[in-house]
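Engineer:
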Amino acid sequence: MLKVENLNVHYGNIHAIKDLNIEINKGEIICLIGANGAGKTSTLHSISKLIIPSSGKMFFEGEEITNLSTTEIVKRGLIQVPEGRRVFANLTVLENLELGAYLKTNKKEVEKDMEKVFNRFPRLYERKTQLAGTLSGGEQQMLAMGRALMASPKLLLLDEPSMGLAPLLIQEVFNIVQEINKEMGITILIVEQNANMALKISDRAYILETGNIIKSGNAKNLLHDEAVREAYLG
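Numbering follows the UniProt record's numbering, with no gaps: position 87 of the sequence shown is 87.
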(Lines of atoms letter the chains of each structure in order from A; the text may use other names.)
(Lines give C-alpha, C1' and ligand atoms only; values in the text may rest on other atoms or scores of the structure.)
Protein backbone atom coordinates (compact mmCIF):
# COMPACT_ATOMS: atom_id res chain seq x y z
CA MET A 1 0.00 0.00 0.00
CA LEU A 2 2.78 2.44 1.00
CA LYS A 3 6.39 2.01 0.03
CA VAL A 4 9.16 4.39 1.08
CA GLU A 5 12.50 3.92 -0.65
CA ASN A 6 15.87 5.38 0.42
CA LEU A 7 14.34 8.38 2.20
CA ASN A 8 16.77 11.07 3.35
CA VAL A 9 15.94 14.18 5.36
CA HIS A 10 18.32 17.00 6.23
CA TYR A 11 17.84 19.97 8.55
CA GLY A 12 20.75 22.15 7.50
CA ASN A 13 23.87 20.10 8.25
CA ILE A 14 21.94 17.54 10.31
CA HIS A 15 21.21 14.29 8.47
CA ALA A 16 18.00 13.34 10.32
CA ILE A 17 16.80 10.39 8.17
CA LYS A 18 19.30 8.14 6.41
CA ASP A 19 18.27 5.94 3.47
CA LEU A 20 15.10 4.80 5.23
CA ASN A 21 13.03 2.01 3.67
CA ILE A 22 9.62 0.94 4.96
CA GLU A 23 6.69 -0.92 3.46
CA ILE A 24 3.10 -1.07 4.71
CA ASN A 25 0.55 -3.58 3.43
CA LYS A 26 -3.19 -2.92 3.32
CA GLY A 27 -4.96 -3.74 6.60
CA GLU A 28 -1.84 -3.72 8.79
CA ILE A 29 -1.01 -1.78 11.91
CA ILE A 30 2.66 -0.87 11.68
CA CYS A 31 4.52 0.88 14.49
CA LEU A 32 7.65 2.97 14.28
CA ILE A 33 9.41 3.15 17.62
CA GLY A 34 12.55 4.82 18.87
CA ALA A 35 13.90 7.32 21.37
CA ASN A 36 13.35 11.09 21.21
CA GLY A 37 15.20 12.53 18.24
CA ALA A 38 15.36 9.20 16.38
CA GLY A 39 13.52 10.67 13.39
CA LYS A 40 10.04 9.22 13.88
CA THR A 41 8.07 12.44 13.36
CA SER A 42 10.37 13.48 10.49
CA THR A 43 9.47 10.22 8.77
CA LEU A 44 5.72 10.89 9.11
CA HIS A 45 6.10 14.51 8.01
CA SER A 46 8.03 13.39 4.95
CA ILE A 47 5.26 10.95 3.97
CA SER A 48 2.63 13.69 4.47
CA LYS A 49 4.87 16.21 2.67
CA LEU A 50 4.79 18.56 5.65
CA ILE A 51 8.54 18.61 5.08
CA ILE A 52 10.33 18.04 1.79
CA PRO A 53 12.82 15.13 1.88
CA SER A 54 16.31 15.61 0.46
CA SER A 55 15.96 12.45 -1.60
CA GLY A 56 14.10 9.17 -1.89
CA LYS A 57 10.88 7.90 -3.44
CA MET A 58 7.41 7.16 -2.07
CA PHE A 59 4.63 5.10 -3.60
CA PHE A 60 1.01 4.87 -2.41
CA GLU A 61 -1.31 2.24 -3.88
CA GLY A 62 1.11 1.78 -6.78
CA GLU A 63 1.30 5.51 -7.64
CA GLU A 64 4.45 7.52 -7.07
CA ILE A 65 3.61 10.35 -4.68
CA THR A 66 7.15 11.69 -4.15
CA ASN A 67 6.47 15.07 -5.76
CA LEU A 68 2.83 15.56 -4.75
CA SER A 69 1.69 18.39 -2.47
CA THR A 70 0.18 17.79 0.96
CA THR A 71 -3.29 18.54 -0.45
CA GLU A 72 -2.86 15.89 -3.15
CA ILE A 73 -1.60 13.41 -0.55
CA VAL A 74 -4.74 14.04 1.56
CA LYS A 75 -6.97 13.63 -1.51
CA ARG A 76 -5.57 10.14 -1.98
CA GLY A 77 -6.59 9.14 1.56
CA LEU A 78 -3.29 9.45 3.40
CA ILE A 79 -4.18 11.36 6.59
CA GLN A 80 -2.06 12.33 9.59
CA VAL A 81 -3.11 12.90 13.22
CA PRO A 82 -0.39 15.26 14.49
CA GLU A 83 1.62 15.01 17.68
CA GLY A 84 0.07 17.12 20.43
CA ARG A 85 -3.40 16.74 18.86
CA ARG A 86 -3.44 20.26 17.34
CA VAL A 87 -7.19 20.78 17.58
CA PHE A 88 -8.54 24.24 16.78
CA ALA A 89 -9.06 25.43 20.36
CA ASN A 90 -11.38 28.35 19.54
CA LEU A 91 -13.69 26.28 17.35
CA THR A 92 -16.37 23.87 18.56
CA VAL A 93 -16.05 20.09 18.36
CA LEU A 94 -18.49 20.13 15.42
CA GLU A 95 -16.51 22.80 13.56
CA ASN A 96 -13.26 20.87 14.08
CA LEU A 97 -14.86 17.75 12.60
CA GLU A 98 -16.26 19.70 9.65
CA LEU A 99 -12.75 20.96 8.87
CA GLY A 100 -11.64 17.33 8.56
CA ALA A 101 -14.01 17.02 5.60
CA TYR A 102 -12.97 20.27 3.91
CA LEU A 103 -12.14 18.53 0.60
CA LYS A 104 -15.57 16.88 0.37
CA THR A 105 -18.40 18.49 -1.60
CA ASN A 106 -21.17 15.94 -0.99
CA LYS A 107 -23.12 17.15 2.07
CA LYS A 108 -24.89 13.84 2.58
CA GLU A 109 -21.57 12.01 2.61
CA VAL A 110 -20.22 14.46 5.20
CA GLU A 111 -23.32 13.96 7.39
CA LYS A 112 -22.93 10.18 7.13
CA ASP A 113 -19.25 10.41 8.11
CA MET A 114 -20.14 12.70 11.02
CA GLU A 115 -22.65 10.13 12.27
CA LYS A 116 -19.98 7.39 12.10
CA VAL A 117 -17.54 9.55 14.08
CA PHE A 118 -20.14 10.31 16.75
CA ASN A 119 -20.99 6.58 16.99
CA ARG A 120 -17.27 5.84 17.42
CA PHE A 121 -16.77 8.68 19.93
CA PRO A 122 -20.03 9.26 21.87
CA ARG A 123 -18.28 11.77 24.14
CA LEU A 124 -17.68 14.04 21.14
CA TYR A 125 -21.41 14.00 20.40
CA GLU A 126 -22.13 15.02 24.00
CA ARG A 127 -19.68 17.92 23.62
CA LYS A 128 -20.32 18.87 19.98
CA THR A 129 -21.10 22.53 20.77
CA GLN A 130 -18.24 22.86 23.24
CA LEU A 131 -15.02 24.70 22.33
CA ALA A 132 -12.25 22.18 21.60
CA GLY A 133 -9.83 24.04 23.88
CA THR A 134 -12.02 23.22 26.91
CA LEU A 135 -11.88 19.44 26.35
CA SER A 136 -9.65 17.13 28.40
CA GLY A 137 -6.45 15.76 26.83
CA GLY A 138 -8.11 12.42 26.11
CA GLU A 139 -11.15 14.07 24.52
CA GLN A 140 -8.89 16.26 22.37
CA GLN A 141 -7.08 13.14 21.15
CA MET A 142 -10.44 11.58 20.24
CA LEU A 143 -11.35 14.81 18.42
CA ALA A 144 -8.06 14.79 16.48
CA MET A 145 -8.70 11.18 15.46
CA GLY A 146 -12.34 11.90 14.64
CA ARG A 147 -11.31 14.87 12.50
CA ALA A 148 -8.91 12.60 10.58
CA LEU A 149 -11.67 10.00 10.06
CA MET A 150 -13.85 12.70 8.48
CA ALA A 151 -11.35 12.74 5.59
CA SER A 152 -12.08 9.03 4.87
CA PRO A 153 -8.49 7.82 5.30
CA LYS A 154 -7.13 4.71 3.62
CA LEU A 155 -3.91 5.05 5.61
CA LEU A 156 -3.90 6.82 8.97
CA LEU A 157 -0.62 8.21 10.31
CA LEU A 158 -0.73 8.59 14.11
CA ASP A 159 2.00 10.65 15.76
CA GLU A 160 2.38 9.89 19.50
CA PRO A 161 -1.37 9.45 20.23
CA SER A 162 -0.74 8.52 23.88
CA MET A 163 1.44 11.54 24.68
CA GLY A 164 0.48 13.29 27.91
CA LEU A 165 -2.46 11.00 28.69
CA ALA A 166 -3.25 9.20 31.95
CA PRO A 167 -2.66 5.39 31.89
CA LEU A 168 -6.38 4.53 31.67
CA LEU A 169 -6.84 6.88 28.72
CA ILE A 170 -3.76 5.47 27.01
CA GLN A 171 -5.36 2.03 27.05
CA GLU A 172 -8.59 3.50 25.67
CA VAL A 173 -6.77 5.27 22.82
CA PHE A 174 -4.95 2.07 21.82
CA ASN A 175 -8.25 0.17 21.92
CA ILE A 176 -9.72 2.79 19.58
CA VAL A 177 -6.75 2.43 17.21
CA GLN A 178 -7.40 -1.33 17.01
CA GLU A 179 -11.13 -0.77 16.42
CA ILE A 180 -10.45 1.72 13.61
CA ASN A 181 -8.17 -0.85 12.00
CA LYS A 182 -10.35 -3.94 12.45
CA GLU A 183 -13.88 -2.54 12.14
CA MET A 184 -13.29 0.25 9.62
CA GLY A 185 -10.56 -1.51 7.63
CA ILE A 186 -8.16 1.43 7.87
CA THR A 187 -4.44 0.73 7.59
CA ILE A 188 -2.40 2.45 10.34
CA LEU A 189 1.17 3.64 10.79
CA ILE A 190 1.71 4.63 14.40
CA VAL A 191 4.69 6.47 15.86
CA GLU A 192 4.95 5.92 19.60
CA GLN A 193 7.32 6.32 22.52
CA ASN A 194 5.16 3.87 24.46
CA ALA A 195 6.85 0.99 22.66
CA ASN A 196 5.28 -1.68 24.84
CA MET A 197 1.69 -0.72 23.97
CA ALA A 198 2.50 -0.02 20.32
CA LEU A 199 4.12 -3.43 19.81
CA LYS A 200 1.18 -5.19 21.49
CA ILE A 201 -1.36 -3.88 18.98
CA SER A 202 0.82 -3.90 15.84
CA ASP A 203 1.39 -6.53 13.16
CA ARG A 204 4.92 -5.42 12.33
CA ALA A 205 7.37 -2.85 13.65
CA TYR A 206 10.37 -0.80 12.61
CA ILE A 207 12.90 0.43 15.17
CA LEU A 208 14.50 3.75 14.36
CA GLU A 209 17.75 4.98 15.88
CA THR A 210 19.38 8.29 14.84
CA GLY A 211 17.64 8.20 11.47
CA ASN A 212 18.42 4.56 10.68
CA ILE A 213 16.17 1.50 10.77
CA ILE A 214 18.19 -0.81 13.01
CA LYS A 215 15.67 -3.64 13.29
CA SER A 216 12.29 -4.65 11.88
CA GLY A 217 9.98 -7.63 11.96
CA ASN A 218 6.92 -9.20 13.57
CA ALA A 219 5.79 -6.92 16.40
CA LYS A 220 5.13 -9.78 18.85
CA ASN A 221 8.60 -11.21 18.24
CA LEU A 222 10.21 -7.80 18.81
CA LEU A 223 8.16 -7.41 22.00
CA HIS A 224 10.00 -10.44 23.39
CA ASP A 225 13.39 -9.63 21.86
CA GLU A 226 15.88 -9.20 24.72
CA ALA A 227 17.81 -6.35 23.07
CA VAL A 228 14.60 -4.48 22.22
CA ARG A 229 13.22 -4.98 25.73
CA GLU A 230 16.39 -3.63 27.29
CA ALA A 231 16.61 -0.60 25.02
CA TYR A 232 12.96 0.44 24.68
CA LEU A 233 10.72 -1.42 27.12
CA GLY A 234 12.58 -0.85 30.40
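Note that the Cβ used here is the ideal one computed from N, Cα and C, for glycine as well. Please read these numbers as outputs of a predicted model, since none were measured by experiment.
Assuming L155 and L103 are in contact, meaning their beta carbons sit under 8 Å apart, how far apart are those beta carbons, in whole angstroms?
Structural biologist: With 8 Å as the limit, L155 and L103 do not qualify as a contact, their Cβ atoms being about 16 Å apart.
Engineer: Taking Cβ to Cβ, would you say L208 is nearer than 8 Å to L222?
Structural biologist: Taking 8 Å as the Cβ cut-off, L208 and L222 do not qualify as a contacting pair.
Engineer: I'd like to check one pair, F174 with residue 235: are the Cβ atoms closer than 8 Å?
Structural biologist: A query on residue 235 cannot be resolved here, the shown segment of the chain reaching from 1 to 234 and no further.
Engineer: Assuming R127 and L135 form a contact by the criterion Cβ under 8 Å, report the distance between their Cβ atoms to the nearest whole angstrom.
Structural biologist: Correct: roughly 6 Å between the Cβ atoms.
Engineer: Tell me, which residues are paired with L199 by DSSP?
Structural biologist: Bridge partners of L199: none, in fact.
Engineer: Given a cut-off of 8 Å, decide if I17 and G39 are closer than it, judged by their beta-carbon atoms.
Structural biologist: Cβ distance < 8 Å, so G39 and I17 count as in contact.
Engineer: When we look at the beta-carbon of A89 and count the other beta-carbons within 10 Å, is it buried (16 or more) or exposed?
Structural biologist: Under this definition A89 is an exposed residue.
Engineer: Please specify which runs of the beta strand (DSSP E), each continuous and at least 3 residues long, are wholly inside the region 143-172, giving them in chain order.
Structural biologist: If we require 3 residues or more, the beta strand (DSSP E) runs fully inside the region 143-172 come out as 155-159.
Engineer: Determine, using beta carbons only, whether A132 and V87 come nearer to each other than 8 Å.
Structural biologist: A contact, by the Cβ cut-off of 8 Å.
Engineer: On a Cα-Cα basis, can you pick out the residue from M150, T129 and E160 that is closest to G137?
Structural biologist: With distances taken between Cα atoms, G137 lies closest to E160.
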